[in-house]
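The structure under discussion appears below in the form of structure tokens.
Number of protein chains: 2
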Amino acid sequence: MTELAPVLTQADANLDSSLEKLFDLCRIKSISTDPAFKADCRTAAEWLVSYLQSLGFEASVRDTPGHPMVVAHHAAGSEGAPHVLFYGHYDVQPVDPLNLWERDPFDPAIIERDGQRVIAGRGTSDDKGQLLTFVEACRAYKETHGALPVRVTILFEGEEESGSPSLKPFLEANAAELKADFALICDTSMWDAETPAISAGLRGLVGEEITIKAADRDLHSGYFGGAAANPIHILSDILAGLHDETGRVTLESFYDGVEETPSQIKASWETLGMSTEKFLGAIGLSVPSGEKGRSVLELTWARPTAEVNGIWGGYTGEGFKTVIAAEASAKVSFRLVGKQDPDRIRASFRAYVQSKLPADCRVEFHQHGGSPAIQLPYDSALLNRAKSALSDEWPKPAVMIGMGGSIPIAGDFQKMLGMEALLVGFALADDRIHSPNEKYNLTSFHKGIRSWIRIMAALAD
Amino acid sequence: MTELAPVLTQADANLDSSLEKLFDLCRIKSISTDPAFKADCRTAAEWLVSYLQSLGFEASVRDTPGHPMVVAHHAAGSEGAPHVLFYGHYDVQPVDPLNLWERDPFDPAIIERDGQRVIAGRGTSDDKGQLLTFVEACRAYKETHGALPVRVTILFEGEEESGSPSLKPFLEANAAELKADFALICDTSMWDAETPAISAGLRGLVGEEITIKAADRDLHSGYFGGAAANPIHILSDILAGLHDETGRVTLESFYDGVEETPSQIKASWETLGMSTEKFLGAIGLSVPSGEKGRSVLELTWARPTAEVNGIWGGYTGEGFKTVIAAEASAKVSFRLVGKQDPDRIRASFRAYVQSKLPADCRVEFHQHGGSPAIQLPYDSALLNRAKSALSDEWPKPAVMIGMGGSIPIAGDFQKMLGMEALLVGFALADDRIHSPNEKYNLTSFHKGIRSWIRIMAALAD
Chain R
1 MTELAPVLTQ ADANLDSSLE KLFDLCRIKS ISTDPAFKAD CRTAAEWLVS
51 YLQSLGFEAS VRDTPGHPMV VAHHAAGSEG APHVLFYGHY DVQPVDPLNL
101 WERDPFDPAI IERDGQRVIA GRGTSDDKGQ LLTFVEACRA YKETHGALPV
151 RVTILFEGEE ESGSPSLKPF LEANAAELKA DFALICDTSM WDAETPAISA
201 GLRGLVGEEI TIKAADRDLH SGYFGGAAAN PIHILSDILA GLHDETGRVT
251 LESFYDGVEE TPSQIKASWE TLGMSTEKFL GAIGLSVPSG EKGRSVLELT
301 WARPTAEVNG IWGGYTGEGF KTVIAAEASA KVSFRLVGKQ DPDRIRASFR
351 AYVQSKLPAD CRVEFHQHGG SPAIQLPYDS ALLNRAKSAL SDEWPKPAVM
401 IGMGGSIPIA GDFQKMLGME ALLVGFALAD DRIHSPNEKY NLTSFHKGIR
451 SWIRIMAALA D
Chain G
1 MTELAPVLTQ ADANLDSSLE KLFDLCRIKS ISTDPAFKAD CRTAAEWLVS
51 YLQSLGFEAS VRDTPGHPMV VAHHAAGSEG APHVLFYGHY DVQPVDPLNL
101 WERDPFDPAI IERDGQRVIA GRGTSDDKGQ LLTFVEACRA YKETHGALPV
151 RVTILFEGEE ESGSPSLKPF LEANAAELKA DFALICDTSM WDAETPAISA
201 GLRGLVGEEI TIKAADRDLH SGYFGGAAAN PIHILSDILA GLHDETGRVT
251 LESFYDGVEE TPSQIKASWE TLGMSTEKFL GAIGLSVPSG EKGRSVLELT
301 WARPTAEVNG IWGGYTGEGF KTVIAAEASA KVSFRLVGKQ DPDRIRASFR
351 AYVQSKLPAD CRVEFHQHGG SPAIQLPYDS ALLNRAKSAL SDEWPKPAVM
401 IGMGGSIPIA GDFQKMLGME ALLVGFALAD DRIHSPNEKY NLTSFHKGIR
451 SWIRIMAALA D
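Structure follows, in structure tokens:
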């Protein structure tokens, strides 16, 4: 067994230079969803390859039809050690509305916020800060012992925030190279600032964009109002009809494959001390909006949803324009749980939209990503070793939780490479990922690095 | 009585230079609803004053808190002639989406479209071309007889497309100066390209903008979806609930003051040969969307409506963003008929929105314009003289029709200055006013000028 304490000491000594590395990476505007930032995405991939090579990895930028992947390999220090695949993503969300940022999203810095030292900037939490916790853990091992306790393959993606279109073909084409004993994924949150969490359940996601088309031109609402179809009305009607009065999604067969969460798991969640007041109060709300009679943790971890993420149509500028628009659009997403089938959900949604369409109107569908939910067995050895390693590092013991967000890669690893995935991350609920003023706690970064050092050691035992 | 024939001949001879004047005016980007074009609105007002002065009018630009008014006066050639107030507006609608225009909206030109010679450009029909028909009629009189057959006061407004905020205060402050025997308003349409129309009924308008506010920030739909209120859902629900299954508006007391159209009037409309197929077919539609069991003419001329003119919220850019927006907005307008009270309709709408709001969400209302409907008596002498003059000019006799659009000024003249208003215009249903590729038929412009020459003569008799 490799000695642990000096590696942790080395990580502590490295902290300032680890932060410099994070700042360098966060300065690169790798917004994957916007074609204007295509070159920046490649720059981020190249930066990572170069850094991993400097740590002794055999690393390369791997082209895809979209943004490139980064793949890197490093042998284990001793024979028979397990082989892990570590996954993270170097792309980030768009930054609009820019005027709501306290500082330039691409000029990261350590600032004081709400009495904490945090690293402010787009991507500091999601997911550049998180992926570097693992890289910096590897670095500390190399600098201390000249070796890693486990064999490591790294896969960094550049399309996670835009539906990962290249991921499945890449996994398929490179399955032999990427297959390991299990995967480590760092793109999730802690329970709270003192309690690390392992995410055993993850919701899936289906994204759809619809455009309702009525008249062949924009119309004057005086001449045509009252007789001509208004696509905003049709769209509103479609969206309003997605939920019934109890908050359930109305799509046909939507709940096929959704199972009730076992009562002992619900009971363990109740010990976490989360309340509706706390959960919603943090974002200025108080009334749970989804299915009636379920806790906020169950609603966000274990129940499926339908959410409209964007809507637009007609005149949206200053003043008023009495127009009946020719078309109106919305972006709609579904969070999936259990065995809900993304393809069937998409088909059911499309059939529903068609059924609400007047005979003289049309709809265009545009497909965004789709991935099923995943659920790990709560009794796996992998989970329990990681739980114990995390509990050694943080003030409070680690908990196994559900996750509202979708990490499609976990399902892909399971389905395509036959690997279970361990989801451990150090983000916090108030990190404002996907929003203005994203941050990552300095403690998340520092103790995140130390956590991976401990987890690698635990896995090597 | 002034001799008519030489004036008509003079107007014919003037046509090319009349068109040059129209082009000059249409090149000025007087978009009143967008503050970026404030200076252009003043330029348009100054252009009109200068031109009217050159024709012998005593004309001036009159400041308001918004865009300026143009007021001009000219005496009648003979004692005892009636005094008319002519109204038009020099402001135009925004031009977005610009990419749908066949040519620069502010570079007017005569082009061939669908086998007709038309004047293409923003404002050519609504309302610069229309207001110039009257000015050019005056010019032909002056050039022929050195005098006008009636005493003329002109009022040109620059805020018609943005709710006319300055109009009422201006009428009030200048009532003595503006009061005439009756008003002439040129901002309406013909029945068809051969049949002139006098608009005896006009729908009113109430404009409202609402913003639904939920969480205090944009949220990640993974973390919060299923528990946190989504303002786009709330907004969709509100908008979808505005109509019941029969197409009626659901607001409380909405139909107070709405009377059924007398059967002899409905019968006269039936002789016009309009069908659902024709009316909706022209814009690529076939199914009437409003109240069931009423003709398209009744729906657009004599029934009130609720229409959403614009909607926006969340992520609307390329790609996908799994966000739950902090707020969502819509612009909503109501067309009024009969004695519907704009203030009560607005209050009823606001109460309805409040009633649909979850306890932890808020709404902000922004008031746009409001005006009641007006209805002229079908047997007035004014209407009948104009009808006969128009019938002399055009291939088919003039008809008295309803109007779907709102011309608030007609109600204001009635209420504030005690004047009936004669609404005659030469626009056509396919002029694409408020839309890309607006045009005005060359025939509308030319015979429009001749029509005013005839109407002025008829009024002077």
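Residue numbers (the UniProt record's numbering), protein chains in the order written: chain R, 1 to 461; chain G, 1 to 461. Glycine included, each C-beta is placed from N, C-alpha and C at the ideal position.
Taking the CA atoms as reference points, His243/R sits about 15 Å from Ile345/R. Look at Ala175/G: its C-beta is not under 7 Å from any C-beta on chain R.
With 16 or more other CB atoms across the displayed protein chains lying within 10 angstroms of its CB, Ser189/G is buried. Of Leu85/R, Thr443/R, Leu48/R and Asp192/R, the smallest CA-CA separation from Leu459/R is found for Leu85/R. Following the DSSP letters along the chain, one finds Ala328/G inside the beta strand (DSSP E) bounded by residues Glu327 to Leu336.
Given a length threshold of 4 residues, each whole run of the alpha helix (DSSP H) inside the UniProt domain "Peptidase M20 dimerisation" (201-360) of chain G is given here in chain order: 221-224, 231-240, 263-270, 276-281, 296-301 and 342-355. Rounded to whole angstroms, the gap between the alpha carbons of Gly418/R and Tyr440/R is 32 Å.
Chain-order list of chain R residues neighbouring Asp218/G: His434, Ser435 and Pro436, by C-beta distance under 8 Å.
Under the 7 Å criterion on CB atoms, Phe320/G is classed as interfacial with respect to chain R.
Met190/G carries a coil assignment under DSSP once its states are collapsed to helix, strand and coil. Runs of the alpha helix (DSSP H) lying entirely within the region 27-72 of chain R and spanning at least 4 residues, in chain order: 38-54. Taking CB atoms only, Pro358/R has a neighbour in chain G less than 7 Å away. According to DSSP, residue pairing for Met403/R in a beta bridge involves Leu202/R. When secondary structure is reduced to three states using DSSP, Arg151/R falls in the strand class. Taking C-beta separations shorter than 6 Å and ignoring five residues to either side along the sequence, the partners of Ser444/G in its chain run Phe426, following chain order.
In the three-state reduction of the DSSP assignment, Gly425/G falls in the coil class. Under the criterion of beta carbons closer than 8 Å, Pro288/G and Leu297/G do not qualify as touching, at roughly 11 Å. Put simply, the region 105-112 of chain G does not touch the region 444-457 of chain R. Fewer than three CB pairs are less than 8 Å apart. Counting every other CB atom within 10 Å of its CB across the protein chains shown gives Gly293/R a total below 16, marking it as exposed.
When secondary structure is reduced to three states using DSSP, Thr9/G falls in the helix class. Taking 7 Å as the threshold, the shortest C-beta distance from Ala229/G to chain R falls below it. Approximately 4 Å separates the beta-carbon atoms of Glu157/G and His89/G; this is inside 8 Å, confirming the contact.
Its Cα nearest to that of Ser388/G, the residue Arg454/G stands out among Gln414/G, Val353/G and Arg454/G. Using a Cβ distance threshold of 7 Å, Val70/G and Val49/G count as a contacting pair.
Within 10 angstroms of the beta-carbon of Arg335/R lie 16 or more other beta-carbons, which makes it buried. Chain G has a Cβ within less than 7 Å of the Cβ of Thr316/R. Residue environment analysis places Leu219/R among the buried positions, since at least 16 neighbouring C-beta atoms fall within 10 angstroms of its C-beta. With a threshold of 16 other beta carbon atoms within 10 Å, Lys339/G falls short and is exposed. With respect to the 7 Å criterion, Ala197/R and Thr153/R are not classified as neighbours on the basis of their beta carbons.
In this structure, the alpha-carbon of Ala5/G lies about 28 Å from that of Ala59/G. Sorting Gly207/G, Ala140/G and Met274/G by C-alpha distance to the C-alpha of Ser164/G places Gly207/G at the top. Within the region 80-102 of chain R, those residues whose Cβ lies closer than 9 Å to any Cβ of chain G are, in chain order, Gln93, Pro94, Asp96, Pro97 and Leu100. It is roughly 25 Å from the alpha-carbon of Tyr255/G to the alpha-carbon of Met400/G.
Below the 9 Å Cβ cutoff, chain G contributes Ser236, Leu239, Ala240 and His243 as neighbours of Asp237/R, in chain order. The beta carbons of Ile185/G and Ala330/G sit no closer together than 7 Å.
Taken through DSSP and simplified to helix, strand or coil, Asn14/G comes out as helix.
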